[in-house]
Amino acid sequence: MPTSAELMERAVKVIPGGVNSPVRAFQSVGLTPRFIDHADGPYVWDVEGNRYLDYVGSWGPMILGHNDPVVREAVQKACEKGLSFGAATELEVIIAEFICETVPHVEMVRMVNSGTEAVMSALRLARGFTGRDKVIKFAGNYHGHSDCMLVEAGSGVMTAGVPGSAGVPAGCAQDTLTAAYNDLNSVRALFEGNPGQVAAVIVEPVAANMGVVLPAPGFLEGLRALCDENGALLVFDEVICGFRLAYGGAAERFGITPDLVTYGKIIGGGMPVGAFGGRADIMGQMAPAGPVYQAGTLSGNPIAMTAGLAQLRALHDQPERYERLEAAGARLFGGIAALLEKHGAPCTINHVGSIGSVFFTPDAVTDYASAKKSDTDAFARYFRYMLEHGFSLAPSQFEAMFISCAHDDAALDETLSAIDAFLQG
Ligand SMILES: *Cc1c(COP(=O)(O)O)cnc(C)c1O
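If you're matching positions, the sequence shown starts at 1220 in this note's numbering and goes up one per residue.
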């Protein structure tokens, strides 16, 4: 088998930057990406045969662990019936019923192919429903790569150190108003400056694309109240938090009801799936029931729906999985916090449930500005040390560590030992 370096050499000639998503490049940590051959449980193996304990989890979807037999076998079986029909299937009804029955704030849902599409469609719906054009987002929140959301976006855009993206027309960006995360006054000011023009506030209820940043107490409640006062819709982008921070996502965990919610990642069980849903009176405006158009050749694809349904059922029907994810998060992230303290490291850690981030700054990280104070060179040294010792982290300061149900205590403790040794210097 060719090595990662050989594959990268070939890849850069035919794929821009050698990767199909910029976050996979190891540019910001000064390495060549490891090409992955296979994965199982909490581990991934590269083409050289090295095994890594994986905290990327395909950027969130693999919450059961890699190659979960229940999901895999369901998919294998579904493949025998054909890969795509482009027609209505029973499976689509079953998964929609399942989501609407198990998530109280989702009365109707539409399946799409990615988180990007889910957000793009949910915002079009919010605009169509309210008859307003403007949308408020938060600096450092990432909502996929649709034009109007590539304004002070987190994730790969933040890692690349660019304010937005070339190719986004000014006209697209002008209807996107940017507020500061955890700063209700900045939201209030935008509502006041644009009276009767704001269709929606979209937020990552726990930000996970500038590293993990928790909502301050009262922040989500305040957004709910401001939206209600101003006739705007509250959209929770639960592409990461949904089915992770609780089965009902951040909405359940923090007890706030959004008008619309977007999903991705976990909902596809590892297949390319997104979804948006919420209040029936709003969702009823979607074509063909209503005037807001949205479509997809492969939306609701039977293989993807099979994977998603199998994973959602496993999570819903075995609530002890969430207890395990909480305990694992407490063990790992609590352990890291203790190590940072022990070594007097100039770092801070943010975490909730099974996601967390170590920031290489001694100050509290509560928003985009404070996240950007991180020493990304120090992060790169940490990343390289962990990779050399068999741990796969996201190659960026501004991403989360994802724990899966397959990470047992021994694996978590090994990780803590490696971090201890790194901090020892
Ligand atoms: C990953 C992500 C998206 C985009 O999802 P894709 O499937 O990559 O298009 C949107 N919002 C959030 C919060 C995400 O983390």
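Think of the CB as a built atom: it goes at the ideal place given N, C-alpha and C, for glycine as much as any other residue.
query: Residue ranges of each beta strand (DSSP E) within the segment 1331-1401, 3 or longer; result: 1353-1357 and 1395-1398
query: Those residues which DSSP pairs with Met1327 across a bridge; result: Gly1497
query: Per-residue burial, Asp1447 [other beta carbons within 10 Å of its own, 16 or more giving buried]; result: exposed
query: Cα-Cα separation, Pro1424 to Tyr1466; result: 14 angstroms
query: Rounded distance between the beta-carbons of Lys1356 and His1362, thought under 8 angstroms; result: 7 angstroms
query: Spatial neighbours of Pro1252 in its chain, beta-carbon cut-off 7 angstroms, leaving aside the 5 residues before and after; result: Ser1223, Met1227, Val1238, Arg1243, Ala1244 and Phe1245
query: Helix, strand or coil at Asn1449 [DSSP, three-state]; result: helix
query: Contact test: Ala1372 Cβ vs ligand 1 heavy atom, cutoff 7 angstroms; result: no
query: The segment 1592-1601 touching the segment 1481-1488, judged by at least three CB pairs closer than 8 angstroms; result: no
query: Residue environment, Pro1436, which counts as buried when at least 16 other CB atoms sit within 10 Å; result: exposed
query: Any beta strand (DSSP E) of 3 or more consecutive residues that is wholly inside the segment 1226-1295; result: 1255-1259, 1262-1265 and 1270-1273
query: Segment contact flag, the segment 1330-1337 with the segment 1513-1525, C-beta cutoff 8 angstroms, min 3 pairs; result: yes
query: Whole-angstrom distance between His1570 and Leu1439, CA atom to CA atom; result: 17 angstroms
query: Whole-Å CB distance - Met1490 paired with Ala1523, under 8 angstroms assumed; result: 4 angstroms
query: As assigned by DSSP and simplified to three states, the class of Asn1569; result: strand
query: Same chain only: Cβ atoms within 8 angstroms of Asn1401, ignoring 5 sequence neighbours per side; result: Val1432, Pro1434, Ala1435, Phe1438, Thr1585 and Asp1586
query: Closer than 7 angstroms: Val1331 CB and nearest ligand 2 heavy atom; result: Ligand 2 is absent from the structure shown, which contains only ligand 1.
query: Span separating the alpha-carbon of Asp1628 from that of Leu1551; result: 9 angstroms
query: Closest residue to Arg1463 among Phe1617, Gln1530 and Asp1265 (Cα-Cα distance); result: Gln1530
query: Nearest to Gln1393 (by Cα), restricted to the options Asn1404, Asn1413, Val1376 and Ser1374; result: Asn1413
query: Whole-number beta carbon distance between Thr1395 and Val1370, since they are thought to touch under 8 angstroms; result: 5 angstroms
query: Sub-8 angstroms separation of Val1511 and Gly1496 beta-carbons; result: no
query: 7 angstroms CB neighbourhood of Asn1332 in its chain, flanking five on each side removed; result: Pro1491, Val1492, Gly1493, Gly1515, Leu1517 and Ser1518
query: Nearest-angstrom Cβ-Cβ length linking Phe1602 and Val1248, presumed shorter than 8 angstroms; result: 5 angstroms
query: Top-ranked residue by Cα proximity to Val1312, from Gly1503, Pro1521 and Leu1344; result: Pro1521
query: Of the residues Ala1613, Asp1632 and Ile1622, the one placed nearest Thr1378, counting alpha carbons only; result: Ala1613
query: Rounded separation between Asp1500 and Gly1509 - CA only; result: 10 angstroms
query: Simplified DSSP assignment, three categories, for Asp1639; result: helix
query: Arg1600 versus Gly1554 - alpha carbon distance; result: 20 angstroms
query: Simplified DSSP assignment, three categories, for Leu1433; result: coil
query: Alpha helix (DSSP H) segment containing Ala1418, residue limits; result: Looking at the DSSP string, Ala1418 is not in any alpha helix (DSSP H); the run it does join, the beta strand (DSSP E), is Val1417 to Val1422.
query: Closest by C-alpha distance to His1285, when choosing among Gly1644, Ala1427, Ser1615 and Ala1526; result: Ala1526
query: beta-carbon Gly1483 near ligand 1 non-hydrogen atom, thresh 7 angstroms; result: yes
query: Cβ distance (whole Å) where Gly1373 is taken to contact Asn1449 below 8 angstroms; result: Actually they are not in contact, since the Cβ atoms of Gly1373 and Asn1449 sit about 25 angstroms apart, beyond 8 angstroms.
query: Stretch pair the segment 1615-1633 + the segment 1276-1290: three plus CB contacts closer than 8 angstroms; result: yes
query: Proximity below 8 angstroms, CB of Phe1610 to CB of Gly1430; result: no
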